[in-house]
Structures are given as C-alpha cells and as structure tokens.
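Structure record follows, encoded as structure tokens.
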Amino acid sequence: MKQKLLGMTLDELKEVCLQEGLPGFTAKQICNWLYRKHVTSFSEMTNLSLKARQLLSSKYETGAVPYFKYALSKDGTRKYLFEAGASSGIFVEAVMIPDRDRKTLCVSSQAGCRMNCSFCMTGRQGFHGQLDAAQILSQFFFIDEADDLTNAVFMGMGEPLDNLDQVLRAIEVLTSDWGCGWSPKRITVSSIGVNKSVADGGTGASPLERFLDESRAHLAISLHNPFHKERLEIMPCEAAFPLERTLQIIRRYDFTGQRRVSFEYIMFKGLSDGPAHAKALITMLRGLECRVNLIRFHDIGDTRYVPSDMKTVQQFEDALNAAGITATLRASRGQDIEAACGMLSGKNQR
C-alpha cells in the first residue's frame, strides 16, 4: 500500500524527499500543492520535475478523497458524503453551514463512534474505524466551498479525542505557516470528555489533557445533563469518563483569554429541561469562564426522545443568563437534508 502524503508535516515531507534523493526545497513545494492549492494528483505539481513526479507517484499517493455526493438544504446548508475507504460502503459526513459572512465546516473524525450515545444516529451505526489525517483534511480541501471556509468544528461523526493523534495532526496542518495558516481560534473540537488514558491503564495524560496542552483550538464539551445517573442513561461514556472529572481538568486551564470552552446541552422534553436541571447546571459551572449552547433535540426517528418546547427552552436560557452564565440557543440547520450527525450517511451504507 502506498503511503499518503496528505497529512504529513513539512519535516516529514523533507524526510521523504531526502530518502528519495529529491532536493530539500521540494518539500515546501509539495506542501504548497497539497495544503494551499489542494491538488489530487502528482501530475498537477507542475513545478516539480517530471522525474520527481513519476518517482513520487510510484511510491506514494496524495491521499486526496473527493466527496461521493452531497445534499443541499433550502437554508444553504450543504452535507457532503465521503467514502471512508476504497469501495468500503462506509461513509462519513462533512456539513458546510453558511451564516451571513461565515462558512463553518462541521467535520468528522471517525467512521461511526464508540461512545454509543442513545440519542445520536452516529452512535447507532456502531464503530467502523478511525479516519486518518488525509481523510479528515479531505473534508476541508475537497468540498465546493473549500476556499471560502471561515471556521471549523470537529463536531461531526465520531469522538475527536478518541482519535486524538490524527485530529491533532490535521489541526497542525490547518494552523501551521507551511500548511493552511489558519488561526487556532477558527477551530473548535467537541468531545464528550475523554478524561483518562485507556492505553496505559489511566496513569498517563488523558486525551482531554493532551488536547488542551498540545493545541490552542477551542473546546466544546457535550454535557446534555448535569446529573450523573441521568447522563449515564443517555451517554454510557459517563461511566468511563465522568463529567465531574472532565470539569476538574478544565478548571486547571485558563479560558479567560483567546481560548474558549463551551458546553453543548441538548434540550430533551421532560428529561433535561426542568428547573432542577438548570439549577444543577448553574452550580456545576459557577466560576468557570464559559458559555452554554442550548440545542433543541433534532429528531432522528424511532426514539423516545422529544425536543423541548420553545417556552421551556427560553425559561432555561433565561435562568442560566440570570445566574451569569452566557447561554444561547443554537438554530437548527439543514433539517430537510437530514443534517443531524449520521442521518445521511446511515442511509447510504451499503
């Protein structure tokens, strides 16, 4: 199998050039073609010699993954499907969300997900594998709006901190001078809070701590319920990665400057939207510089969950804001194209 160049750092590309007897400056040329011009083949790298292009194509591949199909919503939201592997029949999604002068990409980090949240269509599909950096970056580079993107959220299919090395690699490409040159402030990573290391029995730095130490991107935590037992019922990951520990870690970091932490909170009728939930959430987040994004449940069908009514949502939002916690209601987008995570890809699995 040929090695992919998309997702490699400048130093790694220099090592490739050294191994193949190519001039050192070739690495910067390759970076420019991959990360600025978004080419899909070596034949397009026209400032490389023909011999260099032939050599590279014989041993390597660019790693580019064009989208398979897309669906366009009446509100301008566009959902793209990417095949997770050659002829695998497994698809992942990237959603481009326009909002006035902003175009935000919601990107996937895994094919499926291991967290098994009961309200999530992606979780219902099971876990089909990690995406590598090339597959993640292809969602940025090979959509129609690639040159116009202003922001990105790792909030699509999968748990980003369960695939941390590849997510960090993609962020490094996006934010490095030799890469895309984005500010880390343009990127948000959403997580359930993977707050302990599984590989070493929990003794090393957790993926959450590594993410906060090794990147400057914003963090969003999928909270959804402040009570341990109730959160456990809808998010089995609460048993392995309790919210209490996630908050202990977050409180060790500074979010008063350029970096933000926010909390995603889905409003389920009768399950997470009561005054007791608002009071517990206020107590839990008091003193933490943060914001809460309230989200009415996006019905995925065949569940017991119902979205909260707007009056209840407004009362919940008002209670948080009155207590000094900034809370806003996120508008639902792309419902006519099944924009909730996993809905469109699930229909296309072969």
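Under our numbering, the first residue of the sequence shown is numbered 114, with each subsequent residue one higher.
Backbone N, C-alpha and C define an ideal beta-carbon position, used for all residues, glycine too.
Treat the numbers as computed from the prediction; the structure is a model and nothing was measured.
Length of the line joining the Cα atoms of residue i and residue j
| i | j | result |
| --- | --- | --- |
| L118 | V280 | 16 Å |
| C230 | S222 | 16 Å |
| P211 | R149 | 22 Å |
| D257 | P420 | 33 Å |
| I143 | L126 | 8 Å |
| Q132 | T316 | 38 Å |
| A140 | E377 | 40 Å |
| K392 | R365 | 23 Å |
| P388 | F429 | 7 Å |
| V178 | F255 | 7 Å |
| D260 | T441 | 29 Å |
Contact check, residue i vs residue j, beta carbons under 8 Å
| i | j | result |
| --- | --- | --- |
| L321 | L250 | no |
| S289 | F267 | no |
| F227 | E272 | In the sequence as displayed, the identity of residue 227 is Arg instead of Phe. Cβ distance < 8 Å, so R227 and E272 count as in contact. |
| C403 | S385 | no |
| T359 | N434 | no |
| A207 | Q252 | yes |
| H337 | R373 | no |
| I395 | I362 | no |
| A283 | G120 | yes |
| A184 | L135 | no |
First through last residue of the beta strand (DSSP E) which encompasses residue i
| i | result |
| --- | --- |
| H390 | Note, H390: premise wrong, no beta strand (DSSP E); alpha helix (DSSP H) at P388 to L398. |
| E133 | Neither: E133 is in no beta strand (DSSP E) and is coded neither H nor E. |
| K382 | Premise fails: K382 is in no beta strand (DSSP E) and is neither H nor E. |
| P211 | F204 to D212 |
| S304 | I300 to S304 |
| Q279 | From DSSP, Q279 is part of no beta strand (DSSP E) but of the alpha helix (DSSP H) over L277 to T288. |
| I334 | H331 to S335 |
| R191 | R191 to E196 |
Own chain partners of residue i with C-beta closer than 7 Å, once the 5 adjacent residues on each side are dropped
| i | result |
| --- | --- |
| E351 | H341, R344 and L345 |
| A452 | Reliability of the predicted coordinates at A452 is poor, the pLDDT of 48 falling under 50, and the value obtained from them is presented with this limitation in mind. If we look at A452 and ignore the five residues flanking it on each side, its Cβ neighbours are S186, T190, K192, V208 and R446. |
| G176 | K117, L118, L119, G120 and A247 |
Where residue i sits in the DSSP three-state scheme
| i | result |
| --- | --- |
| M114 | coil |
| R476 | Here the chain comprises residues numbered 114 to 463, so residue 476 is not present and cannot be evaluated. |
| Q223 | strand |
| G242 | strand |
| F324 | helix |
| E174 | strand |
| P420 | strand |
| R215 | strand |
Own chain partners of residue i with C-beta closer than 8 Å, once the 5 adjacent residues on each side are dropped
| i | result |
| --- | --- |
| A264 | The question names Ala, yet the displayed sequence has Asn at residue 264. Cβ neighbours of N264 beyond the five flanking positions: R215, K216, T217, L218, R299, I300 and T301. |
Cut-off 6 Å between Cβ atoms - residues of its own chain near residue i, not counting five sequence neighbours on either side
| i | result |
| --- | --- |
| M348 | C230 |
| A197 | I203, V205 and A224 |
Residue i: first and last residue of the uninterrupted alpha helix (DSSP H) it sits in
| i | result |
| --- | --- |
| M423 | M423 to A435 |
| Q371 | Element bounds for Q371: n/a, residue is neither H nor E. |
| H341 | H341 to I347 |
| S251 | A246 to F254 |
| A353 | C350 to A353 |
| L356 | L356 to I363 |
| T235 | M234 to R237 |
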